[in-house]
Each structure stands twice: as C-alpha cells, then as structure tokens.
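Colleague: Numbering (this note's numbering), first residue to last: -19 to 232. Even glycine gets a Cβ: it sits at the ideal position worked out from N, Cα and C.
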Amino acid sequence: MAIATYAKFHQFKESIQSIPASFSDDYLINDHFLLEKDEKIKLEIYYAPFEYVNEQAKVVIVGITPGLHQMKKSFSTVIDSIGSEKSDEEILRQVKNNSSFEGTMRKNLVTMLDELGLNEYLGLASSIELFEKASRLVHTSSVLPYPVFYNGKNYSGSTPNLLKSEVLKKYVTTHFATELNKMDNPLIIPLGVNVSSALNYLGDQGLVATENILSGFPHPSGGNGHRHKQFVEHKEAMQGKLKAHFLQQSYK
-19 MAIATYAKFH
-9 QFKESIQSIP
1 ASFSDDYLIN
11 DHFLLEKDEK
21 IKLEIYYAPF
31 EYVNEQAKVV
41 IVGITPGLHQ
51 MKKSFSTVID
61 SIGSEKSDEE
71 ILRQVKNNSS
81 FEGTMRKNLV
91 TMLDELGLNE
101 YLGLASSIEL
111 FEKASRLVHT
121 SSVLPYPVFY
131 NGKNYSGSTP
141 NLLKSEVLKK
151 YVTTHFATEL
161 NKMDNPLIIP
171 LGVNVSSALN
181 YLGDQGLVAT
191 ENILSGFPHP
201 SGGNGHRHKQ
211 FVEHKEAMQG
221 KLKAHFLQQS
231 YK
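1) Would you list, in sequence order, the uninterrupted alpha helix (DSSP H) runs of no fewer than 4 residues that lie entirely inside the segment 41 to 80?
2) Scan the segment -5 to 31 and note each continuous beta strand (DSSP E) run of 3 residues or more that stays entirely inside, going in chain order.
3) What are the boundary residues of the alpha helix (DSSP H) that includes SER177?
4) If you reduce the DSSP assignment to three classes, tell me which class HIS206 lands in.
5) Keeping to the same chain, check which residues put their C-beta closer than 8 Å to that of ALA105; ignore five residues upstream and five downstream.
6) Identify which residue in PRO127, SER176 and GLU191 has its Cα closest to the Cα of HIS199.
7) Give the straight-line distance between the Cα atoms of SER107 and ASP94, rounded to the nearest whole angstrom.
8) Would you give the residue range spanned by the alpha helix (DSSP H) that TYR126 belongs to?
9) Give a yes or no on whether the C-beta atoms belonging to PHE156 and VAL123 are separated by under 8 Å.
10) Determine the burial state of PRO166: buried for a count of at least 16 other Cβ atoms within 10 Å of its Cβ, exposed for fewer.
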C-alpha cells in the first residue's frame, strides 16, 4: 500500500478540510484547485485526492478520469476525516473505496467480470467482493488520475483526442504508468475503447506489458448502449486472455 509519487495531497489537504461539509461545486471548480488549463481547447484539470496506490493488487480496473460526482465524493471523504487519527494513506485509501464505480456502473461491471470468470481465478464467490472484503486484490484507477473537464463538462476521452493532447498524454505516461510500475504484473482491465487506446499506446512505448491488458472490455456505464454487443463480441478472446494471464502468474 502506498501513496502515488506524484501526490499533492500534502499541498491540498488543509484547503479541502476547510471547506464546509455541505458545499457547492464552486468550492471545487475554482482557481485554487486548478492544476492545468488549456484555453485553446477549453480543457481544465483540477486536483482531487485520487492518489492511493494498492501495490499488492492482482487486478487494476481503469477508467478515463474521475468525474465531478467522484470529485465531490473524494472531497467529502477528506472533510469527514477531520478529527480522526487516520494517516494520509488511510484517508486516500478511503477516498478510493468510497468513490470508485458506484451504483449501476458497479453492478454492470461485476456482472461482466463474473461472466468472464474473473472471480473464480481470484477465489471469490463474486467480483463484487473486490469492492468489499477482497478490496486488497484490486486497484481502481484512471489513465488521467485527476478530474478533467472539457468545455465545462466531464471529459469522455474522445474530444479532444486523448493521445493527441500533449497536456493529457503527459499524465498518462508520467502519472498513470508510474502507478502500474509499482505493481507485480497485475491484470489490467481498461473500461472502453478510449482507455484501451491509452493502454495500447503505453504498451507500444514499452511502459506497460501488453500481455497483461484485457482488451475489448466495454465501459460499464448505463449510458453505453452498445456494451452488451461489445461484450459478446470480445467475450471469448477475453476469457482466453484471463486464462493465459493467471496460468502465467501461477508459474511464478
């Protein structure tokens, strides 16, 4: 267990804890928490404390970027820690637990993971345990670890193109890749085509072992109407990848 080497929590913790428990978006989306801005393409990156790294993880589930909802949850978790004796690492771990793939998205994710049989390779009754008592086995992350907004809305990974923006690509190669390198060849599950493209790019650059990437996994959002079709199309190949990955790990 660790805190990411790029972490800025020590810099922002006091500011976050000074925010009232009941806060509006203006407390988060302002210049104080602004990390970078590209006015030419209407792109903004803000700080949020998604910096906990589970170095022991067997599985890494990867999204594009935390959205505004996750950002709010992360700030609330830090505010709620006021008066406790929790270490910074414990607070950041709690942020990840409270904010990762909630609600319908988590349900859809678990359904697909169980259909692939991931739970069986991990010795679990269901993959839902990754978000409960077996959280030690999973690391949830994003190729862009901090919240990114395009034209004032959650960035989807499409516009601007993630790999054609030098600002965004920098976070993928320096921040996210650094997280992965702290782990011992985990299975990497990119959620959706944009995340897969970013992982494939890292593989081409020699920053990630391509054999660990479970390509073809659809984004579990309820808004992704194509996820069932995508899942069926890639199911057999993903099952083969799972089998090969865990067979290789068993020989280590």
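Modeller: Judging by the given coordinates:
1) The segment 41 to 80 contains these whole alpha helix (DSSP H) runs: 48 to 60 and 68 to 79.
2) For the segment -5 to 31, the full-length beta strand (DSSP E) segments reaching 3 residues or more read 14 to 18 and 23 to 26 along the chain.
3) Taken as a continuous stretch (DSSP letters only), the alpha helix (DSSP H) holding SER177 covers 173 to 184.
4) The three-state secondary structure of HIS206, taken from DSSP, is coil.
5) Counting only Cβ-Cβ distances below 8 Å, and skipping sequence neighbours, we find ASN99.
6) Among PRO127, SER176 and GLU191, the Cα nearest to that of HIS199 is on SER176.
7) Cα to Cα, SER107 sits roughly 6 Å from ASP94.
8) TYR126 -> no alpha helix (DSSP H), and no H or E assigned at all.
9) Yes, the pair counts as a contact, with Cβ atoms nearer than the cut-off.
10) By the 10 Å Cβ count, PRO166 comes out buried.
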